[in-house]
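Comments concern the structure below.
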Amino acid sequence: MKSKNTLVAPVFLVIIGLGLLFSYLGFLISADTEKNKLALEFERQVDSYIAAIEQEVSVHAEIMQNLTGLFLASTHVDREEFKTFTQPIVQRHDTIQALEWAPKVSQNQRRHFETLARTDGLASFSFTERNQRDAMVSAADRLEYFPVYYVEPLLSNETALGFDLASNPIRRQTLNQSRDSGKILTTAPITLVQEKEQQKGVLIFAPVIQGSTNSPGQRRAALQGFVVGVFDISDMLDKAVHHAKQFNPDISIKIFDTTNPDKPEELYQTSQTATIPLAEKFKQQRFIHEGGRVWQLTATPQPAFLSKLAWWPSFLILIAGITLTLLIAFYVYMLMNREKSIRNLEKLRSHELESSKYRTQVILDTALNAIITINNEGLIQTFNPAAEKLFGYKLDEVIGNNIKMLMPAPYREEHDGYISSYKATREAKIIGIGREVKGQRKDGTTFPLFLSVSEAELNGDSIFVGVIIDLTLQKESERVLVEAKENAERMNRSKSEFLNMMSHELRTPLTVILGYLPLLKEQDTLPEPEVIADIANDMDAAGRHLLELINDLLDISKIEAGKLDLAKAHLSTAVVVTEAINALTHLAAKKHIELISKVEDIDLFADPVRIKQIFINLIGNAIKFTTEGCVTVAAKRLENSIEFSVTDTGCGIEADALSTVFDKFHQVDSSSTRMAGGTGLGLAITKKLVELHDGEISVTSELNQGSTFTFTINNEVGTT
Amino acid sequence: MANILLVEDDEKILKMLSLRLRLKGHRIDQAENGQIGVEKALTGQFDAVLMDMHMPILDGHEATKKLRSENYRGLIIAVTASVMSRETDVAIEAGCDGFIAKPITADFETRVEEFISNFELQDSDQT
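Quick mapping for you: the protein sequence lines, in order, are chains A and S.
Quick note on this note's numbering: the first sequence kicks off at 3 and runs consecutively.
Quick note on this note's numbering: the second sequence kicks off at 73 and runs consecutively.
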């Protein structure tokens, strides 16, 4: 998710970057195209200038050629002929300052020529040269002179007449080259002799060589002189430029003589304004080779020319490109934002879904009730942790298995039938209702549970959701409650029963006493004295029995209420048993029963009164149920206690009555008890007294052989 | 003078009752439980059977029922410990003709004699 977000910025930047780049490139290409177009136009114009200049130059070269032809064609050309021939030419071409004839004159011919000229009407004619102060003086003596002999027009060229061209080194050099090469040559720009304004001009020398010549030497010899053209070069170039086919005032022209590259000399220059950087790129340089000179033409466009450069298509492309780029970028940005917000929405939705799923899972996982879902074939699909705990199965042990595995026998067999019958009839026994059934754990044990089942639709299929409440504890506490209730009822019953029996037991001796009394109340009808004595004995026995009963009842109620406190002391077992036997000797003797003590002298820490009572009860009981034989008392020392036993040779107790002999009023046989006497409470009291001494009492018996009562008394000093 | 069968498990009470009735000149036979009582009643000729209700082996109710089921038509008087309890109803239901409460009072002999004479009257009316 994050990587997609971070992708937005680069993509965005790349789109903007590429868009701007292409817009700029388009701009450049367009601008270049426009510039090239203009450059081409500029070049064409420069071409036309060059053509015009070359045309002009060739016109003058032709004039020189024609003039040369004049001298070659005639043996002698006089001053008048020269004038006639050149005058129309000069008049036609105002760039021609002068056309001259400069014959080769040797030193000894000088005089002849000067004289000849004067006869032609030129009174002051002489060969001249310029001195160092630039003044015209008579030419110095030299071997060869090339004086300006004829000149047309004469007017304004008078100063040049007679000027020895060989006197000037520049002119002399060109003259020599022209003579040697036989070619028409042009001088470097010079200040014209004729011009007052010191105008820049050039001289063109055309050698007049008679006959055919092949070498410089032959030509030197055959040389007659030079036809000289004096041209105002500035004027000439200006005229050529202005007459060019495509004159453009917005192109500045500079023409320099660069024959000597180290020393360029200006020939012509149009007026020009400040150059701008762009103009440098358009600037053109051309070279014109004329008469042995090299003229360099430099054409520079003026701002006015450059202003024709059409920028708007380029800017239009640039602006359109930038606008398009921004639009595309904006669109992409919108798209991306939209995608991003869609993604965010998806993320939010999936997050919500996750959290809802998680919440459901947490509920299932933490629910205290077992929750199990099954499909409509009864196969377990989910099983939550509470279910795992309840049934003892792990999740993977049950998933996909039939739910029957969790049911004990009767339910197990019925379940398949139940599901199919539900599917057929939609008649629910548990679904939507819930009921108490039994479950079976992994270890095979069963337990009660309350099962409520709901039906749900999931992806078009029915599933059943079972929520299970373990009823084990509830059942257990129910059982405990029922037991407690039954116990309480039993206690209550046994209490009423006890009261009932007690009242019966108390009533019996009273019935005897009260039944006899009416016989003794009437003096007149008193029975015989021996009868009265008999009655008195019976009443005495009944009274004592009543007393005995009341004492036993008090004892038992005291013990049961926890009110009987033991007064423990150190005693001798032999002494206690002997005392008990002595108390009963009389009773035993009457039935001819022997009382035997096998008890050795052991120190005993107990309540003497209660211990004696235990022995009297047990021995007395034994005597009652024994008709002949003996009653034997024995003692045995155990770890922390002393075990006593009282054994008789009496009738014994039936096996199924053994467990109840220590219950109150639960005589083994009422009639025999009655025959033997006793309250029916003796053994109950005895048992309680033994228990007060942290001991236990039990009985073993064999019918008609006798019974043995065995009890222990805790003998640890310090225990109560 | 009447022949009376005493069915009573407590020997002291039996002795006392016998003495009381003998001193009035009645002939007394004794049974110490219901079982013996039933046998004696069926074999002997008694003007009345005094039946204790609480007895081992066969108690008064069972004994009375048994006698009635054996077609014994003689007078059976229940001697019960409590006149307040349901015991009297149970005794009548079992087939007793009347009841006397324990402990017995001074007019015990008189009450027994009244039961006998009333029963003989009824008996002679029926026959």
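Cβ coordinates follow ideal geometry from the N, Cα and C atoms, glycine included.
The structure displayed is predicted, hence computed values, not measured ones.
Taking the Cβ atom as the reference point for each residue, do residue i and residue j lie within a distance shorter than 8 Å?
{"i": "residue 656(A)", "j": "residue 589(A)", "result": "no"}
{"i": "residue 405(A)", "j": "residue 380(A)", "result": "yes"}
{"i": "residue 155(A)", "j": "residue 229(A)", "result": "no"}
{"i": "residue 251(A)", "j": "residue 278(A)", "result": "no"}
{"i": "residue 2(A)", "j": "residue 420(A)", "result": "Outside the shown range of chain A, which is 3 to 722, sits residue 2(A), and nothing can be said about it."}
{"i": "residue 139(S)", "j": "residue 103(S)", "result": "no"}
{"i": "residue 270(A)", "j": "residue 311(A)", "result": "no"}
{"i": "residue 64(S)", "j": "residue 163(S)", "result": "Here chain S has residues from 73 to 199 only, and residue 64(S) is not among them."}
{"i": "residue 26(A)", "j": "residue 320(A)", "result": "yes"}
{"i": "residue 711(A)", "j": "residue 647(A)", "result": "yes"}
{"i": "residue 451(A)", "j": "residue 433(A)", "result": "no"}
{"i": "residue 606(A)", "j": "residue 715(A)", "result": "yes"}
{"i": "residue 163(A)", "j": "residue 127(A)", "result": "yes"}
{"i": "residue 443(A)", "j": "residue 393(A)", "result": "yes"}
{"i": "residue 184(S)", "j": "residue 120(S)", "result": "yes"}
{"i": "residue 613(A)", "j": "residue 717(A)", "result": "no"}
{"i": "residue 227(A)", "j": "residue 85(A)", "result": "no"}
{"i": "residue 281(A)", "j": "residue 302(A)", "result": "yes"}
{"i": "residue 517(A)", "j": "residue 100(S)", "result": "no"}
{"i": "residue 611(A)", "j": "residue 575(A)", "result": "no"}
Note down, in chain order, every chain A residue with its Cβ under 8 Å from the Cβ of residue i.
{"i": "residue 218(S)", "result": "Any property of residue 218(S) remains undetermined from this structure, which presents chain S solely from 73 to 199."}
For residue i, which residues in the same chain have their Cβ closer than 6 Å to its Cβ, ignoring the five residues on either side in sequence?
{"i": "residue 52(A)", "result": "288"}
{"i": "residue 127(S)", "result": "81, 105 and 106"}
Quick check on residue i: buried or exposed, where buried means 16 or more other Cβ atoms within 10 Å of its Cβ?
{"i": "residue 579(A)", "result": "buried"}
{"i": "residue 131(A)", "result": "buried"}
{"i": "residue 86(S)", "result": "buried"}
{"i": "residue 174(S)", "result": "buried"}
{"i": "residue 722(A)", "result": "Because the pLDDT at residue 722(A) is just 46, under 50, the model does not fix this residue reliably, and the value given afterwards should be weighed accordingly. Answer is exposed; the Cβ neighbour count stays below 16."}
{"i": "residue 67(A)", "result": "exposed"}
{"i": "residue 348(A)", "result": "exposed"}
{"i": "residue 402(A)", "result": "exposed"}
{"i": "residue 46(A)", "result": "exposed"}
{"i": "residue 254(A)", "result": "buried"}
{"i": "residue 687(A)", "result": "buried"}
{"i": "residue 153(A)", "result": "buried"}
{"i": "residue 234(A)", "result": "buried"}
{"i": "residue 38(A)", "result": "exposed"}
{"i": "residue 209(A)", "result": "buried"}
{"i": "residue 4(A)", "result": "The predicted position of residue 4(A) is uncertain, since its pLDDT is 46 and thus under 50; a value taken from the coordinates is nonetheless stated next. By the 10 Å Cβ count, residue 4(A) comes out exposed."}
{"i": "residue 189(S)", "result": "exposed"}
{"i": "residue 89(A)", "result": "exposed"}
Residue i versus chain A: which residues are under 7 Å apart at the beta carbon?
{"i": "residue 135(S)", "result": "Those do not exist, as residue 135(S) stays about 14 Å from chain A at its closest Cβ, beyond 7 Å."}
{"i": "residue 153(S)", "result": "506 and 509"}
Please work out which residues of its chain come closer than 8 Å, Cβ to Cβ, to residue i, disregarding the five sequence neighbours upstream and downstream, and give them in chain order.
{"i": "residue 673(A)", "result": "Note that residue 673(A) scores 45 on pLDDT, short of 50, meaning its location in the model is unreliable; the coordinates nonetheless yield the value given after this. Excluding residues within five positions, none has a Cβ falling inside 8 Å."}
{"i": "residue 632(A)", "result": "595, 596, 597, 598, 650 and 651"}
{"i": "residue 355(A)", "result": "none"}
{"i": "residue 36(A)", "result": "311, 312, 313, 315 and 316"}
{"i": "residue 222(A)", "result": "181 and 182"}
{"i": "residue 64(A)", "result": "none"}
{"i": "residue 149(S)", "result": "120, 121, 122, 123, 168, 169, 170, 171, 172, 184 and 187"}
{"i": "residue 388(A)", "result": "369, 370, 371, 372 and 373"}
Taking C-beta pairs closer than 8 Å, name the residues in chain D that residue i reaches, listed in chain order.
{"i": "residue 540(A)", "result": "Judged by its chain identifiers, the structure shown contains no chain D, and its protein chains are A and S."}
Mind pulling the chain S residues with CB within less than 8 Å of residue i?
{"i": "residue 521(A)", "result": "91, 92 and 95"}
{"i": "residue 544(A)", "result": "84"}
For residue i, collect the residues of the same chain with a Cβ closer than 7 Å to its Cβ; drop the 5 residues on either side in sequence, then sort them by chain order.
{"i": "residue 181(S)", "result": "92, 93 and 96"}
{"i": "residue 586(A)", "result": "597, 618, 621, 622 and 625"}
{"i": "residue 464(A)", "result": "378 and 457"}
{"i": "residue 654(A)", "result": "703, 704, 705, 706, 707, 708 and 709"}
Cβ-heavy atom distance between residue i and the ligand GTP below 7 Å?
{"i": "residue 698(A)", "result": "The ligand content of the structure shown is nil, which means the ligand GTP is not present either."}
Anything in the stretch 160 to 184 of chain S with a Cβ closer than 8 Å to a Cβ of chain A? List those residues in chain order, please.
Under the 8 Å Cβ criterion, the stretch 160 to 184 of chain S contributes 174, 175, 176, 177, 178 and 180.
Beta carbons nearer than 9 Å to chain A: which residues of the stretch 74 to 102 of chain S have them?
Listed by position, the residues of the stretch 74 to 102 of chain S near chain A (Cβ gap below 9 Å) are 81, 82, 83, 84, 85, 87, 88, 89, 91, 92 and 95.
Along the stretch 525 to 537 of chain A, what residues have a CB closer than 9 Å to any CB found in chain S?
Within the stretch 525 to 537 of chain A, the qualifying residues are 527, 529, 533, 536 and 537.
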